[in-house]
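A.B. asks:
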Amino acid sequence: MFAKKYGLSKSKKLKNYKVENVVSNERVRIKSDVPVITDNRIPNNKPDLMVHDMKTNEIVLVEVGITNKRIIPNTESTKRRKYELLANELKSMYGCKVTTVPIVLTWDGLVTRHFRKFIVMLFNLIIDFDLLC
Numbered sequence: 098m099f100a101k102k103y104g105l106s107k108s109k110k111l112k113n114y115k116v117e118n119v120v121s122n123e124r125v126r127i128k129s130d131v132p133v134i135t136d137n138r139i140p141n142n143k144p145d146l147m148v149h150d151m152k153t154n155e156i157v158l159v160e161v162g163i164t165n166k167r168i169i170p171n172t173e174s175t176k177r178r179k180y181e182l183l184a185n186e187l188k189s190m191y192g193c194k195v196t197t198v199p200i201v202l203t204w205d206g207l208v209t210r211h212f213r214k215f216i217v218m219l220f221n222l223i224i225d226f227d228l229l230c
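Residue numbers (my numbering): 98 to 230.
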């Protein structure tokens, strides 16, 4: 979705798709499962997805987790908490707004009560650009 939003997807056929860890153009840099280089050493510096929109000066960190139903609330708060330090470091380095979006569910599709809020937040970040153009 982010690649389409920023004009990075070239092929419509899935069989021709090649997985790239970093894709970018003059407007955005999208990193997938790549360590983020920061001034200070941070233990959790490898989010599942990092989208840096250089035009709006915004960074979105998306962290996905699949867990069992007994520890799903704990997993969601852990995902959010462990990337706070990285978000603060990126905010000070780039001087931009950083949003962390944890997407956590169980293997059978159970979600927490905050799941809808995070999905809406994620889709709003994607749709905002389409409304501006």
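Backbone N, C-alpha and C define an ideal beta-carbon position, used for all residues, glycine too. Predicted model, so just to flag it, every value in this text is computed and none were measured.
Over what stretch of residues does the alpha helix (DSSP H) that includes K179 continue unbroken?
C.D. replies: K179 -> alpha helix (DSSP H) spans 169 to 179.
A.B. asks: By Cβ distance, which residues of its chain are closer than 7 Å to K176, with the 5 residues on each side in sequence left out?
C.D. replies: For K176, where only same-chain residues beyond five positions count, the Cβ hits under 7 Å are E160, G162, P199, V201.
A.B. asks: Sort out for me which residues DSSP pairs P199 with in a bridge.
C.D. replies: Partner(s): E160.
A.B. asks: Any idea if D136 is buried or exposed, counting beta-carbon neighbours within 10 angstroms, 16 or more meaning buried?
C.D. replies: It counts as exposed.
A.B. asks: Based on Cα-Cα distance, which residue from W204, D205, L146, T196 lies nearest to F215?
C.D. replies: T196
A.B. asks: Expressed to the nearest angstrom, what Euclidean distance is found between the alpha-carbon atoms of P132 and T153?
C.D. replies: 23 Å
A.B. asks: Distance, Cα to Cα, H211 vs Y180?
C.D. replies: 17 Å
A.B. asks: Quick one: using the 10 Å Cβ neighbour count with 16 as the cut-off for buried, is V217 buried or exposed?
C.D. replies: exposed
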